[in-house]
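Protein chains: 2
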Amino acid sequence: MYKGLENYSNIANVFTEAEICHIISRSDQGMTRAELSRFTGFSKSTISKHVDTLLASGYITEVYENKKTSYLTLNEDCGYVVAVDLGATSLKIAVCNIKGEPMLVDVAEDIVVNVPPTDILERVVKTANSMIEKLGLERDKIIGVGMGVPAPIEYSTGKPVCPPIMKMWDDFPVKEYLSQAFKTRAYVDNDVNIMALEERWKGDGRSDDNFLFIKLGTGIGCGIIINGNIYRGSNGCAGDVGHVSVEGFNHLCYCGNIGCLEKLAGGAAIAESARGMAQTGKSPYLSQLMNKGETITCRSVNDAINNLDEACIEYIRSVGRYIGEVVAKLVIFYNPTKVIFGGGITNFGDVLLTPVREVVFGRSTALATRNLQILKSRLGDNIGVVGAAILVREELFKPNEFSKVLEAMR
Amino acid sequence: MYKGLENYSNIANVFTEAEICHIISRSDQGMTRAELSRFTGFSKSTISKHVDTLLASGYITEVYENKKTSYLTLNEDCGYVVAVDLGATSLKIAVCNIKGEPMLVDVAEDIVVNVPPTDILERVVKTANSMIEKLGLERDKIIGVGMGVPAPIEYSTGKPVCPPIMKMWDDFPVKEYLSQAFKTRAYVDNDVNIMALEERWKGDGRSDDNFLFIKLGTGIGCGIIINGNIYRGSNGCAGDVGHVSVEGFNHLCYCGNIGCLEKLAGGAAIAESARGMAQTGKSPYLSQLMNKGETITCRSVNDAINNLDEACIEYIRSVGRYIGEVVAKLVIFYNPTKVIFGGGITNFGDVLLTPVREVVFGRSTALATRNLQILKSRLGDNIGVVGAAILVREELFKPNEFSKVLEAMR
Chain E
1 MYKGLENYSN
11 IANVFTEAEI
21 CHIISRSDQG
31 MTRAELSRFT
41 GFSKSTISKH
51 VDTLLASGYI
61 TEVYENKKTS
71 YLTLNEDCGY
81 VVAVDLGATS
91 LKIAVCNIKG
101 EPMLVDVAED
111 IVVNVPPTDI
121 LERVVKTANS
131 MIEKLGLERD
141 KIIGVGMGVP
151 APIEYSTGKP
161 VCPPIMKMWD
171 DFPVKEYLSQ
181 AFKTRAYVDN
191 DVNIMALEER
201 WKGDGRSDDN
211 FLFIKLGTGI
221 GCGIIINGNI
231 YRGSNGCAGD
241 VGHVSVEGFN
251 HLCYCGNIGC
261 LEKLAGGAAI
271 AESARGMAQT
281 GKSPYLSQLM
291 NKGETITCRS
301 VNDAINNLDE
311 ACIEYIRSVG
321 RYIGEVVAKL
331 VIFYNPTKVI
341 FGGGITNFGD
351 VLLTPVREVV
361 FGRSTALATR
371 NLQILKSRLG
381 DNIGVVGAAI
391 LVREELFKPN
401 EFSKVLEAMR
Chain G
1001 MYKGLENYSN
1011 IANVFTEAEI
1021 CHIISRSDQG
1031 MTRAELSRFT
1041 GFSKSTISKH
1051 VDTLLASGYI
1061 TEVYENKKTS
1071 YLTLNEDCGY
1081 VVAVDLGATS
1091 LKIAVCNIKG
1101 EPMLVDVAED
1111 IVVNVPPTDI
1121 LERVVKTANS
1131 MIEKLGLERD
1141 KIIGVGMGVP
1151 APIEYSTGKP
1161 VCPPIMKMWD
1171 DFPVKEYLSQ
1181 AFKTRAYVDN
1191 DVNIMALEER
1201 WKGDGRSDDN
1211 FLFIKLGTGI
1221 GCGIIINGNI
1231 YRGSNGCAGD
1241 VGHVSVEGFN
1251 HLCYCGNIGC
1261 LEKLAGGAAI
1271 AESARGMAQT
1281 GKSPYLSQLM
1291 NKGETITCRS
1301 VNDAINNLDE
1311 ACIEYIRSVG
1321 RYIGEVVAKL
1331 VIFYNPTKVI
1341 FGGGITNFGD
1351 VLLTPVREVV
1361 FGRSTALATR
1371 NLQILKSRLG
1381 DNIGVVGAAI
1391 LVREELFKPN
1401 EFSKVLEAMR
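Protein chains in written order, with my numbering: chain E, 1 to 410; chain G, 1001 to 1410.
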């Protein structure tokens, strides 16, 4: 509750301004007043009144295409966001403008995540602070912090819940820590959810209300977009598809179960199989690499495929079929318009995705696949931090939250 | 767009009244003005003003518990709903009050659904009209029609999409037909979705925002409640779990695929297996029944279990394990708080549900099952028609729709 709540007409104004700002924030090139009027159903005069307030507040700005046409767009200098993407082995930290465009990015690839959380969070604060200084930004222009973490997250509190690969973070109040360190609002979510959100606003999901983003990397996870928003489930672990069982497969998984997809199609599993193919000589290309003393990794398998090593091509095709079996069920359950794949394993390209498509289109229902597209993500290098910045933008411009911002300015 | 949209403050009032009515409609015993104020964040005086308008309109009424306390509740006589539940072999038609309470119900168990849609819809109109007459209701008090259909439905148009067991209904405008026949708004949805909605407001899902309702009957389907509302997917077929493949099972299904759960655990599959157990003598109880000349059905299997026939108990346990395998994946994907089972097959009770629980709790992730409950639905005989009436109530009291009703009355 914030001051002024008793005064309904005032609230209505603030909510309308928040809503207008939210709509503008979601459009890349901006919107005209006429478009805003059509979009919201408010009259042009009502829109004009609120737009004037927002222009005065500095949250939006007007860009003239020509004498007649002008677009209202977010003022990218109205505030900045600290965006963090923690992966299983990497840490990206960025300072972004409110549009989610990174201004400085710091990437570390030597991360061990199962350490006390403060070890990593202190590093985040230190690095971000030096970036803020380097950019010469005023501290009170930092209007939010967003962070993606490779763990199930209780979203309201921003605490990891039983995180399998970072057990020392269990129940640690990451959101509260970041909020206090940067003296502003903070939001923490599962890393794959954040990538799905980025796909929603900057990627191939921008015209889709219901789609799935599946990350194939060290781990395998699925971000679920329903009615345009992230669906997290009741414990924050919806879409944990890496631990779905695969038919006829009995490997033990660290989660305490057997036959999990991740043990078959995750990065570690692929590298292990590759070492086996090198040792047995099943893959001549990998054997050759091994004999040269090289370490066999997923990248070696990709090289082998580019050199038309048949054993590796057939192996990755089989991995694709296993993934396809799980995705076929996901498609029946969610009936999405798209399934978008991201993560390092997608570098295998169509050698992986063709068998995925084969199984999904063969084994889902006809209706659920009628308009379905299965795609490889086209998001760029900064995937993850851009998503974390968008998470802040989405939360900030929600009418309830943004009303507080506008009220505080009055 | 409706008249008055240009006048923002008027709209705000109408929307507030719609919202209050929506909140009241969702509570069984009603709400006090103080509760409405806490619930909405509006001041008591604002609430009082809008409540007076609503009392005058006749949509709500005030019930005095004692001199000091009164509850605002829907006026059950403010309007009536025609509610229809079409099953694979049955047709229930009811006239309900706006609270979803049936006043008259007509049940036919001899239905063949794959006939021209007008054959059934004409029967619906005729039966409902004679009920309305019998009840002595004024025609203009019929404020909506709701219908559940055993098919995937495009919700916005109310048309079946590639319905597998009622192919003659494909693309038929059921919603438009009903709307014209009864001269009021009509809503058509998949029958299992409607049961899930009933579970949400009248059953064990009333305190759950994210849960699944699985109907085990002739067909097997899943209604998905996300954030308190039905999730339908992009083609209206989300949750079509009867056609998920089961490990190591190769029976042909009418959907064109093999190994579907429905061919293993649907009513027809169970009856067929039972006949096999009777013929081979594997189940002494069923053999005895067959030799007496009785037809072997699912009910026979239930009788056999009640007489401790071990073959039937073990068989239904195996059916439960197959269902459990599919539900384990659903639980990982959706992370619901509850999975509620309904439909005729649940009459097997714990003989069926114990192995379901065994597999789900054994084969989902620990976090997704932490607070999970697997239950048998406790909804009564009128399940389906009550849901259809609630569908109308939910749509009618959505601010956009109800604003039109209130505006028309002014």
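Backbone N, C-alpha and C define an ideal beta-carbon position, used for all residues, glycine too.
For the region 1358-1378 of chain G, the residues whose beta carbon sits under 7 Å from a beta carbon of chain E are, in order, R1363, T1365, A1366, L1367, A1368, R1370, N1371.
Linking G:G1205 to E:N193 through their CA atoms gives a straight-line distance of about 26 Å.
Here DSSP, grouped into helix, strand and coil, assigns G:I1313 to helix.
Shown here, G:F1042 sits in coil according to DSSP, grouped into three states, outside any helix or strand. About 15 Å separates the beta carbon of G:V1105 from that of G:V1145, a gap too long to meet the 8 Å contact definition.
In terms of Cα proximity to G:A1238, the closest of E:I153, E:N114, E:K329, E:R363 is E:K329. Contact between E:L216 and E:V241 does not hold, since the beta-carbon distance rounds to 10 Å and is not under 8 Å. Against chain E, the CB of G:A1238 has a partner CB under 7 Å away; the residue lies at that interface. Here the C-alpha atom of E:G221 lies approximately 31 Å from the C-alpha atom of E:P399. Sorting G:H1050, G:P1173, G:L1252, G:D1191 by C-alpha distance to the C-alpha of G:P1116 places G:P1173 at the top. DSSP places G:Y1322 in the helix class (H, G or I) of the three-state scheme.
In chain order, E1017 place their CB closer than 7 Å to the CB of G:T1053, counting only its own chain and leaving out the 5 sequence neighbours on each side.
Residue ranges of uninterrupted alpha helix (DSSP H) with 4 or more members, entirely inside the region 375-409 of chain E and ordered along the chain, are 385-396, 399-409. Following the DSSP letters along the chain, one finds E:C298 inside the alpha helix (DSSP H) bounded by residues 298-306. Think of a sphere of 8 Å around the beta carbon of G:K1159: no beta carbon from chain E falls inside it, the nearest being about 13 Å out.
Counted as a single uninterrupted DSSP element, the alpha helix (DSSP H) harbouring E:N129 occupies residues 117-135.
Of G:D1189, G:K1167, G:I1224, G:V1125, the smallest CA-CA separation from G:K1183 is found for G:V1125. The beta carbon of E:I214 sits no closer than 7 Å to any beta carbon of chain G.
Under the three-state reduction of DSSP, E:M166 is assigned to coil, being neither helix nor strand.
Of all alpha-carbon atoms in E:E325, E:N257, E:A108, the one lying nearest the alpha-carbon of E:E247 is that of E:E325.
DSSP places G:D1191 within a helical segment (H, G or I) once states are collapsed to three.
Under the Cβ criterion of 7 Å, G:G1233 is counted among the residues facing chain E. Of all residues in the region 239-273 of chain E, only G239, D240, V241, H243, V244, S245, E247, G248, C255, G256, N257 place a beta-carbon less than 8 Å from a beta-carbon of chain G. Per the coordinates, the alpha-carbon of E:R185 lies some 28 Å from the alpha-carbon of E:I214. In the three-state scheme derived from DSSP, where H, G and I count as helix and E and B as strand, E:P355 is classed as helix.
Taking E:A366 as reference, the option from G:V1356, G:P1163, G:R1393, G:R1321 with the minimal CA-CA separation is G:P1163.
By the criterion of at least three beta-carbon pairs nearer than 8 Å, the region 1038-1054 of chain G is not in contact with the region 1080-1098 of chain G. In the structure shown, E:P336 adopts coil according to DSSP, grouped into three states. Taking 7 Å as the threshold, the shortest C-beta distance from E:K404 to chain G does not fall below it. Secondary-structure assignment with DSSP links G:N1227 through no beta bridge to anything. Residue pairing by DSSP places G:D1085 opposite G:K1092, G:G1148 in a beta bridge.
7 Å or more divides the Cβ of E:L212 from the Cβ of E:P355. Proximity of chain E to G:F1333 at the Cβ level (cut-off 9 Å) is accounted for by C222, I224, G233, A238, G239, D240, V241, V244, K329, L330, F333, Y334, in chain order. Setting aside the 5 residues that flank it on each side, E:L36 is surrounded in the same chain by I20, I23, I24, F42, I47, V51, L72, each with a C-beta closer than 8 Å to its C-beta; the list follows chain order. In this structure, DSSP gives G:L1054 a helical state, which the three-state scheme calls helix. DSSP places G:E1062 in the uninterrupted beta strand (DSSP E) bounded by 1060-1064.
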